[in-house]
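Presented below is the structure to which this report refers.
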Amino acid sequence: MFEIIYMKADYEPWWMFEDWEELIRTRKTFEDMQEATAYLNGLLEELRSKHQHEKTKKNCFYAFWSEDEKSFCEGCDEDLQLYHGVILMQAGVPTPYDSKGIE
2 MFEIIYMKAD YEPWWMFEDW EELIRTRKTF EDMQEATAYL NGLLEELRSK HQHEKTKKNC
62 FYAFWSEDEK SFCEGCDEDL QLYHGVILMQ AGVPTPYDSK GIE
């Protein structure tokens with residue numbers, strides 16, 4: 002089983018801090034790798050069209066952001082960058098993906 006997770010947080014998705022699952026906006030499940038990667042590619046293209054910045058780690062974590070999208074942190078008394086994160090998972094584990102498919 003494959004999952005594509007979309008989250009929005011004040012940190013990039015690869016950090017996966019203790020409460021990261023509370024920040025998930027959508028979680029799509031697929032039995033088929035081709036369906037999962039088709040959905041992933043569509044989501045990545047959509048986020049690329051909306052945000053100026055992108056960073057990828059380990060070919061399974063994707064972060065997108067725009068400099069004007071920030072959230073005020075009262076505890077640290079400053080504005081924090083907001084990130085739109087995408088994670089590809091297989092059987093509950095982050096799974097690398099490239100143009101050839103799941104690694």
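So for the sequence shown, the working numbering puts the first residue at 2; every next one is plus one. In this text, a Cβ means the ideal position worked out from N, Cα and C, and glycines have one as well. Here the structure is a predicted model, which is why all the values come from computation and not from measurement.
- Cβ-Cβ distances below 6 Å link Gly-86 to Met-8, Pro-14 and Ala-64 in the same chain, with the five nearest sequence neighbours on each side left out; the list follows chain order.
- Within a 10 Å sphere around the beta-carbon of Ala-10 sit 16 or more other beta-carbons, which makes this residue buried.
- Contact between the region 59-73 and the region 83-97 is present, with at least three C-beta pairs closer than 8 Å.
- Straight-line spacing of the CA atoms in Leu-89 and Ile-5 works out to 5 Å.
- From the listed residues Tyr-84, Met-2, Gly-76 and Trp-21, the smallest Cα separation to Thr-38 is found for Met-2.
- Runs of alpha helix (DSSP H) with 4 or more residues, each lying fully within the region 22-68, are found at 34-51, listed in chain order.
- Look at Pro-14 here: in three-state DSSP terms it is helix.
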